[in-house]
Amino acid sequence: MEKIAIIGMGMTKIEANKVSENFADMAWEAVNAALADAGMDIKDVSNLITTSNDFWDGRTISCMAVGDSSGAREKNCSCVEGDGTYGAFYAMARILSGSYPSTLVTGHTKGSESISSLITNAAFDPIYERSLGVDMITASAMQARAYMDKTGTTSEDLARVSVKNHGNAKNNPYAQLPMDLTVEDVLASEMIADPLHKLDCSPVSDGCCALILADEETAKKFCKKPIWVKGAAFCSDAYFLGDRDLAKPKSLVAAAKKAYAMAGITEPTRQIDLAEVYDAFTYQELMWAEGLGLAEYGKAKDRLKNGDFDISGTLPVNASGGLLSGHPVIAAGLYRMAEAVRQLRGEAGANQKDGAKTAVVQGLNGLCGQSHCVWVLGNE
Amino acid sequence: MGKKRVAIVGTGQTHHKSHRPDVNGQELIHEAVTRALADAELTIKDIDAIVIGNMDHFEGINYVDCWSVDGSGGTMRPIIKLTTGGTTGSTLAIGGYHMVASGLFEKVLIIGWEKNSESDTTGAITTAFDPIWDRLVFAGAIAGLAAEGQAYMAEFGITDRDAARVSVRDRKHAVNNPYAQLRKEVTIEEVLESPMLSDPIHLLDVCPRTDGACAVIMASEDVAEKICPVPDWIWGTANRHVYTYVGDVNLGEIDSMKNAATELFAKTGIREPRKELDVIELYQPYSFAGIIWIEAMGIIPRGKGSEYIWSGATDMGGELPINPSGGVIACNPIGATGLIRCAEVALQVMGKAGDRQVPDVNLGVSTGFGGCFWTDILLHGKKKPE
Amino acid sequence: MAREDHLVISSGKAVQPFHYAVGLYGSKFFQELKENRRLVGSKCPDCGKVYVPPRKVCGGCFKEMKEFVEVGPKGTISTFTIVRYTFIDPETGVQRPVPYGYGFVRFDGADTVFQHFVELDEKHPIKIGARVETVFREKMEGTIRDILYFRIIEE
């Protein structure tokens, strides 16, 4: 694969309710931040991909709301519906195709405008499942239970993820929920759906993130610290939860295998310096870390307990505070990518992992991690 | 041009109908996928990635890429969803093109589908527009298009009779297409006597509501000719998704078509599209667009479209047949519609279009329309692009 | 399963409530409407184009707009139709009554057009170029429904 770089990034602060801003306003802020970061004018960007979801936005053709404020006038553009990591993938493909030297990719969600459980209920099969009232939280609770049962992971282990990530968020100016917590606090928080306590779950959030991807020539022209794409791949598992082994992220393992092969990663635990993963729920950070090969199956809890996943550890996971500290759904994976870029540039401030050279980022689509998108990024 | 040249090597469509209660969405998708694989003599194991799309609120299913895998073949494969409203189908084709041209995937399956029978189509389209500003008074696609037709009529003095000629053409062409939903010839008088839906649009001026799916397989130049003896090469793509609010649109012209077509023809070296193109599949949801939009595309000067249509030049056997398939007026499963245009041009280039075949097609154009007067456009050719 | 009588064809209805942010620019419009019966647009500092509804960004120039200018309340029909087909109105969940006039009006002082209902009046048929005035409802609430419709006037 030819070299592709991330040369600009912009994030709005993640907040519970950006009531004074509509989608276009959020996009304007993130896009301009990304352009400023890259030292580019909108004219220097050759095409763009917006990422949004018609259900979350309560609007058919949700991309229509953000075109003008993202700079789509008189440019070729498209819209991916799904996590921002998939939008970034298409953005990259459009550069690799030779059609465009650079692509601006955005992702936005305002969780504040809808009722999340109804939105995620609509992802269940309309004929067989939806009338049960099942939503993302209940389905994830079942997955958490299956995973805990198979691996011996405990509620205390899950609570440690929450303590770590909310603590990391204290040094992240974009995070929604920086908190000083103890394991006891998490376990004492309201039980939402057994075994998930309130503090095991990510919040409802508003936010927009923008990245600028470019070919090597453009990257060198505009950017002093381009962050290079070493590998990227995505893969989907079966749809019905009953058709999958919920305790194992089979499609994540497959996507990671492909991305690692592209990046020349053979020993992820040694070659990867940090990870930003899709921790919509505490248990997911552990499950996805294992799927990414950052711990053996069922052993992520031990690495966590050992401090390996802390910022001071050997392999920080969600040094940014992760989604537990702010979860604008469709933008979530792009935020993970942007946070990895900050780390690889050495701009993560108090959360900086010293000498970080290679990061893995993961985004997902669908229920209980049906489909995963894995990126390997590096600064060399 | 892309790093890898890209060609369509197989296509498949459902027999489109107003209502398919005998299948759910996944099963409908599967019909089209199966036909496309059979056409290319491939199996799902040969497919490296899938690009799928529809418009969520027509069926009310969130994360369709994930939900549909039993029908699409997406289990343990990369699958990605693109959606841009009415342009979804052509957006998918452009997406598939870039995925293959990038060299990341060798063979990509592209699926567009819709079961418009599962909701109130106009109600769902209305939710495409801004909830605060547009939704109270907006009345779906037909009223928006009527406003365009009205503006053009006022400028050039054409009438609904001129537009009816376009409808007569497409409905006649549809008789040759076994996949079309409406296959009945009509006369100018029948169009004019059909109920007025939204002035100046009569019932027979507009597209129907359809359940249907379309699948297209694109492959890189490394394998395309091995899979298909005469593949349909994609020469280039362009699009413009310009406006945010309905009132921003320059109604009566279609800037998005003008600008996208200008870009496409410039970068592919087409100087005189009317002479160089052999066929067009135009995403033409109502008859007036058959006049207004071919002017914007640069086929004929502005204000001359109606005369050109009456001359018969765009009929089968004319100098530039438009919509040999019968087009959108004969069948409109919205998320599939743009991709059907692409597949139909592919069939023409491959010489597989049966009774609707235009002789000796070397170059063709397919388009998509949607959103807020948005346009997608693709140039197809028999010759491998330079 | 060939026989249609074996088919279950409906999976029921679903409703999803939303609370859309009007944003600061929209709020300015609705406050002016409610408190002063005034219509405002936003003006681009570069190209000078006046947008209604007001919004932050001029898409053509990719510039932030900060200036609000009064437009209307009179304007000109830029194009129109008379809607005669029925459909389920997603705003209300029931069929919208037809026929009704639906027009795009360029407010005096605006560059974009604004869509709303147009009164059907046999004495004054709607046509492109016709002058209109904005008819407000008596008790203003700060929503788009404060504008009832446009009325054709002779000038």
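Protein chains in written order, with this note's numbering: chain A, 633 to 1012; chain S, 21 to 406; chain U, 173 to 327.
Note that CB positions come from ideal geometry on N, CA and C, so glycine has one too.
Predicted model, so just to flag it, every value in this text is computed and none were measured.
Check: Given S:Thr288, which residues of its chain have a CB within under 7 Å of its CB, disregarding the five upstream and five downstream residues?
Finding: Excluding positions up to five away in sequence, the list reads Trp255, Gly256 and Leu399.
Next item on the list: Check S:Tyr265 in the structure and name its three-state DSSP category.
Entry: Here S:Tyr265 sits in coil by DSSP.
Next item on the list: Give the DSSP-derived three-state secondary structure of S:Met408 in the structure shown.
Entry: Shown here, chain S extends from 21 to 406; a query on residue 408 of chain S therefore has no answer.
Note to self: Less than 9 Å between CB atoms is the rule here; does S:Phe176 satisfy it with respect to chain U?
What the structure shows: Chain U, which has no Cβ nearer than 9 Å to the Cβ of S:Phe176, makes this no.
Next item on the list: Could you work out which residues of chain S lie near A:Leu955, taking near to mean beta carbons separated by less than 9 Å?
Entry: From the beta-carbon of A:Leu955, no residue of chain S is found nearer than 9 Å; the closest lies around 17 Å away.
Item checked: Euclidean distance between Cα positions of S:Gly355 and S:Ser92 -> Using only the alpha carbons, I get a separation of about 15 Å.
Notebook entry, point to check: Checking contacts by CB at 9 Å: is A:Met633 closer than that to chain S?
Noted result: Against chain S, the CB of A:Met633 has a partner CB under 9 Å away; the residue lies at that interface.
Notebook entry, point to check: Is the stretch 637 to 656 of chain A touching the stretch 193 to 209 of chain U, taking contact as three or more C-beta pairs under 8 Å?
Noted result: Touching, yes.
Next item on the list: Tell me whether A:Cys833 is buried or exposed, calling it buried when 16 or more other Cβ atoms sit within 10 Å of its Cβ.
Entry: Counting the other Cβ atoms within 10 Å of the Cβ of A:Cys833 gives 16 or more, which makes it buried.
Next item on the list: In angstroms with no decimal places, state the Cα-to-Cα distance between S:Leu165 and S:Tyr306.
Entry: C-alpha separation (whole angstroms): 8 Å.
Check: So, does the CB of S:Ala144 fall closer than 9 Å to a CB anywhere in chain U?
Finding: Yes, its Cβ sits closer than 9 Å to a Cβ of chain U.
Notebook entry, point to check: Which residue's Cα is closest to the Cα of A:Gly799: A:Leu906, A:Gly954, A:Leu819 and A:Ala754?
Noted result: That would be A:Gly954, whose Cα lies nearest to the Cα of A:Gly799.
Next item on the list: Answer yes or no: do A:Met672 and A:Ile636 have a C-beta to C-beta separation smaller than 9 Å?
Entry: Going by beta carbons, A:Met672 and A:Ile636 fall outside the 9 Å limit.
Margin query: Is it the case that the stretch 883 to 895 of chain A contacts the stretch 908 to 927 of chain A, given that we only count it when at least three CB pairs across the two stretches are under 8 Å?
Written below: The answer is yes - the stretch 883 to 895 of chain A touches the stretch 908 to 927 of chain A, with three or more Cβ pairs under 8 Å.
Checklist line | N-terminal and C-terminal residue of the beta strand (DSSP E) that S:Asn259 is part of | finding: Counting along the chain, the beta strand (DSSP E) containing S:Asn259 begins and ends at Asp252 to Arg260.
Margin query: Less than 9 Å between the C-beta atoms of A:Ser702 and A:Thr738, yes or no?
Written below: Closer than 9 Å, so yes.
Check: Which residues in the same chain have their Cβ closer than 7 Å to the Cβ of U:Leu205, if we skip the five residues on either side of it in sequence?
Finding: Answer for U:Leu205: Leu211, Met312, Gly314 and Asp318, listed in chain order.
Notebook entry, point to check: Where do the ends of the beta strand (DSSP E) carrying A:Trp1007 lie?
Noted result: First-last of the beta strand (DSSP E) with A:Trp1007: Ser1003 to Gly1010.
Checklist line | 8 Å contact criterion, which A:Tyr910 and A:Leu996 should meet: CB distance rounded | finding: The beta carbons of A:Tyr910 and A:Leu996 sit about 5 Å from each other, so the pair counts as a contact at 8 Å.
Margin query: Going by DSSP in three states, A:Asn803 sits in which element: helix, strand or coil?
Written below: In this structure, A:Asn803 counts as helix in the three-state DSSP scheme.
Next item on the list: Taking A:Leu845 as the reference, give the member of A:Val949, A:Tyr871, A:Ile897 and A:Leu966 with the closest Cα.
Entry: Cα-wise, what sits closest to A:Leu845 is A:Leu966.
Check: When the Cα atoms are used, what is the spatial distance from U:Asn208 to A:Gly998?
Finding: One C-alpha to the other measures close to 48 Å.
Next item on the list: Hey, could you find the ends of the beta strand (DSSP E) S:Met238 is sitting in?
Entry: First-last of the beta strand (DSSP E) with S:Met238: Asp231 to Ser240.
Checklist line | Coil, strand or helix - S:Arg189 by DSSP | finding: Looking at S:Arg189 - three-state DSSP - the assignment turns out to be helix.
Check: In chain order, what residues of the same chain lie with their CB nearer than 7 Å to the CB of A:Gly784, ignoring the 5 residues before and after it?
Finding: Within the same chain, A:Gly784 has close Cβ partners Gly930.
Next item on the list: Give a yes or no on whether the minimum CB-CB distance between A:Trp660 and chain U is below 9 Å.
Entry: For A:Trp660, at least one C-beta of chain U is nearer than 9 Å to its own C-beta.
Notebook entry, point to check: Can you find a C-beta in chain A that's less than 9 Å from the C-beta of S:Glu168?
Noted result: Closer than 9 Å to the CB of S:Glu168 there is not a single CB belonging to chain A.
Notebook entry, point to check: Is the distance from the Cβ of S:Lys372 to the Cβ of A:Gly730 below 9 Å?
Noted result: Not closer than 9 Å, so no.
Notebook entry, point to check: Got a sec, what are the start and stop residues for the beta strand (DSSP E) S:Lys101 sits in?
Noted result: Unbroken beta strand (DSSP E) run through S:Lys101: Ile99 to Lys101.
Next item on the list: Take every Cβ of the stretch 270 to 277 of chain S, pair it with every Cβ of the stretch 140 to 149 of chain S, and state whether three or more of those distances are shorter than 8 Å.
Entry: A contact is defined here as three or more CB-CB pairs under 8 Å, and the stretch 270 to 277 of chain S fails this definition with respect to the stretch 140 to 149 of chain S.
Next item on the list: May I have the straight-line CA-CA distance separating S:Met21 from A:Gln916, to the nearest angstrom?
Entry: Confidence in S:Met21 is poor, its pLDDT being 39 and thus under 50, which makes the residue's placement unreliable; the coordinate value appears in the next sentence. S:Met21 and A:Gln916 have their C-alpha atoms spaced approximately 42 Å apart.
Notebook entry, point to check: Span of the beta strand (DSSP E) holding A:Asn679?
Noted result: Judged by DSSP secondary structure, A:Asn679 falls within the beta strand (DSSP E) whose first and last residues are Asn679 to Thr683.
Note to self: I'd like to know if A:Ile751 contacts chain S, where contact means its C-beta is closer than 9 Å to some C-beta of that chain.
What the structure shows: Using a CB distance cut-off of 9 Å, A:Ile751 counts as an interface residue toward chain S.
Next item on the list: Would you mind telling me which residues of chain U sit closer than 7 Å to A:Ala755, beta carbon to beta carbon, in chain order?
Entry: Residues of chain U with a Cβ closer than 7 Å to the Cβ of A:Ala755 do not exist; the shortest Cβ-Cβ separation is about 12 Å.
Check: For the stretch 187 to 216 of chain U, which residues have a CB atom closer than 9 Å to at least one CB atom of chain A, in sequence order?
Finding: Those residues of the stretch 187 to 216 of chain U that come within reach of chain A (Cβ to Cβ, closer than 9 Å) are Val187, Gln188, Pro189, Phe190, His191, Tyr192, Ala193, Val194, Gly195, Leu196, Tyr197, Gly198 and Ser199.
Margin query: Does chain A have any CB closer than 9 Å to the CB of S:Met317?
Written below: No - not a single Cβ of chain A is within 9 Å of the one on S:Met317.
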